[in-house]
Amino acid sequence: MNETRAVVTLSLFAIGILTGVVLHTFVDKGPAENPYPALPKVEEPRAAHDVVAAIGADDAQSLSRLVDSTMLNDLDMALQPITDVRTTKFVGAVESEGRLLSAYVVTGKTTEGIDFVVGFVLRIANDQVVGVN
Amino acid sequence: MVGIRRLIAGSAGTLLVGMFAGFVISSAVGVFIQDSGLFGASGESPIARAYMLGLLQRDPNSIVGIRPNQSIAQRAAELQGADSSRTTTSIQPLSLTYIGGATVGAYSVHIYAVDLRNSQGVDQFFPLALTVSGGKVVRSE
Numbered sequence: 097m098n099e100t101r102a103v104v105t106l107s108l109f110a111i112g113i114l115t116g117v118v119l120h121t122f123v124d125k126g127p128a129e130n131p132y133p134a135l136p137k138v139e140e141p142r143a144a145h146d147v148v149a150a151i152g153a154d155d156a157q158s159l160s161r162l163v164d165s166t167m168l169n170d171l172d173m174a175l176q177p178i179t180d181v182r183t184t185k186f187v188g189a190v191e192s193e194g195r196l197l198s199a200y201v202v203t204g205k206t207t208e209g210i211d212f213v214v215g216f217v218l219r220i221a222n223d224q225v226v227g228v229n
Numbered sequence: 549m550v551g552i553r554r555l556i557a558g559s560a561g562t563l564l565v566g567m568f569a570g571f572v573i574s575s576a577v578g579v580f581i582q583d584s585g586l587f588g589a590s591g592e593s594p595i596a597r598a599y600m601l602g603l604l605q606r607d608p609n610s611i612v613g614i615r616p617n618q619s620i621a622q623r624a625a626e627l628q629g630a631d632s633s634r635t636t637t638s639i640q641p642l643s644l645t646y647i648g649g650a651t652v653g654a655y656s657v658h659i660y661a662v663d664l665r666n667s668q669g670v671d672q673f674f675p676l677a678l679t680v681s682g683g684k685v686v687r688s689e
């Protein structure tokens, strides 16, 4: 009798899990259709890689040689509120008529010690970083 | 009679707990698959996509529910701006590309590249990084 009850309870639980999964597939709709064309991805540009490597290594000296003061200010803004960078990740790059955008996600801690994530994009032209967004 | 009621209540409870567990597990697995890019998933958030489409189509009403609350004056000013830009300028989106993103805790970042042609016929190519938290776009830059 007890065994039967246990089997029924487990079966009901399993049926419940399956129902929950099916319910989730109906509720969780993917992104809406993109009516615009999407550009093909390209490889990470070398110049952008060097800049982000310096950020990831906390190497201010290398970074100061790689980008000018305006871009350093823009980079500072883009990284806000992160003050202590823990990881950097290249997420992709796209090109349109010679203009290249290389995107990164940075995780780190704010001055209050809170974990945060920000994204920024380096603009590349003629194999050089020419802007930060 | 009481025994049957208890049996039905217990069974319904087990079923409901199972459904909740299934929903949560399926949701967590979905987030993991999206973020990791497994099975061809791009990791793109439906909220971020809706926000970008609302921006490109200059339709503030369509994104009002997925961004932080604004005052009535801010919303009215935005609608005015959208109306005047629709009537005075013609912006033609050429492409919208989801570059990538990542999630840390309650925050996720989604980065897009936008290519559009303004009314002077000049093409502009720029990125937008959206931070999504709690079902809303909390930062756009």
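Going down the list, the protein sequences come from chains A and B. Position 48 (the first sequence) corresponds to 144 in this note's numbering; numbering is contiguous. Position 6 (the second sequence) corresponds to 554 in this note's numbering; numbering is contiguous. Glycine residues also receive a C-beta, built at the ideal position from the N, C-alpha and C atoms.
Could you say which of the options lies nearest to residue i if we only look at CA atoms?
i	options	result
A:S192	B:E626, B:H658, B:P675 and B:I639	B:P675
B:A569	A:V123, A:T121 and A:A110	A:A110
A:V187	A:S107, A:N130, A:T203 and A:A150	A:T203
B:T651	A:F212, A:L196 and A:R195	A:F212
B:Y655	B:V565, B:A596 and B:V550	B:A596
A:G209	A:V123, A:P127, A:P177 and A:A156	A:P177
B:L644	B:S574, B:F571, B:L563 and B:E592	B:E592
A:P133	B:A624, B:M567 and B:P641	B:P641
B:L627	B:Y646, B:L603, B:V577 and B:G551	B:L603
B:I659	B:R553, B:I639 and B:R687	B:R687
A:R142	A:D170, A:M167 and A:D223	A:D223
B:T679	B:L555, B:R615, B:I611 and B:A624	B:R615
B:L664	B:S681, B:Q622 and B:I639	B:I639
A:T184	B:Q622, B:S619 and B:V657	B:V657
B:G653	B:D607, B:G682, B:L564 and B:A625	B:G682
B:D612	B:S667, B:F571 and B:Y599	The identity of residue 612 of chain B in the sequence shown is Val, whereas the question assumes Asp. Minimum Cα distance to B:V612 is reached at B:Y599.
A:L171	B:V550, B:A621, B:L555 and B:E689	B:E689
A:E140	B:G648, B:V670 and B:N666	B:G648
I'd like to confirm the pairing. Which residues does DSSP put opposite residue i in its beta bridges?
i	result
A:E191	A:L196
B:S593	None, per the DSSP bridge assignment.
A:A221	A:Q224
B:L664	B:P641 and B:Q672
B:R687	B:T679
A:D230	A question about residue 230 of chain A goes unanswered here, because the residues of chain A that appear run from 97 up to 229.
B:G648	B:I659
A:V138	A:A189
Once DSSP output is grouped into helix, strand and coil, what is the label at residue i?
i	result
A:P127	coil
B:Q672	strand
A:I111	helix
B:P608	helix
B:S643	strand
B:A654	coil
B:R615	coil
B:L555	helix
A:V163	coil
A:T121	helix
A:D211	strand
Quick one: does residue i have its CB under 8 Å from some CB of chain A?
i	result
B:L627	no
B:D663	yes
B:A569	yes
B:V639	The sequence shown places Ile at residue 639 of chain B, rather than the Val named in the question. No, B:I639 lies away from the interface with chain A (no Cβ there is under 8 Å from its Cβ).
B:V565	yes
B:S559	yes
B:R553	no
B:V657	yes
B:L603	no
B:V612	no
Contact defined as beta carbons within less than 8 Å: I believe residue i pairs with residue j. What is the distance between those atoms, to the nearest angstrom?
i	j	result
A:V138	A:A189	5 Å
A:V225	A:V147	5 Å
B:S559	A:L108	6 Å
A:A259	B:P594	Because chain A here runs from 97 to 229, residue 259 of chain A falls outside it and cannot be looked at.
B:G561	A:G116	Actually they do not touch by this definition, with Cβ atoms about 14 Å apart.
A:L167	A:G227	It is worth fixing the name first, because residue 167 of chain A is Met in this sequence and not Leu. That pair is a contact at about 7 Å.
Using a Cβ-Cβ distance under 8 Å, would residue i count as near chain B?
i	result
A:P127	yes
A:L168	no
A:K185	yes
A:G112	yes
A:V71	Outside the shown range of chain A, which is 97 to 229, sits residue 71 of chain A, and nothing can be said about it.
A:P141	no
A:L175	no
A:R161	no
A:N229	yes
A:S192	yes
A:V244	Residue coverage of chain A in this structure runs from 97 to 229, which leaves residue 244 of chain A outside it and unanswerable.
A:H145	no
A:T203	yes
A:N98	no
A:T105	yes
A:D223	no
A:F122	no
A:A102	no
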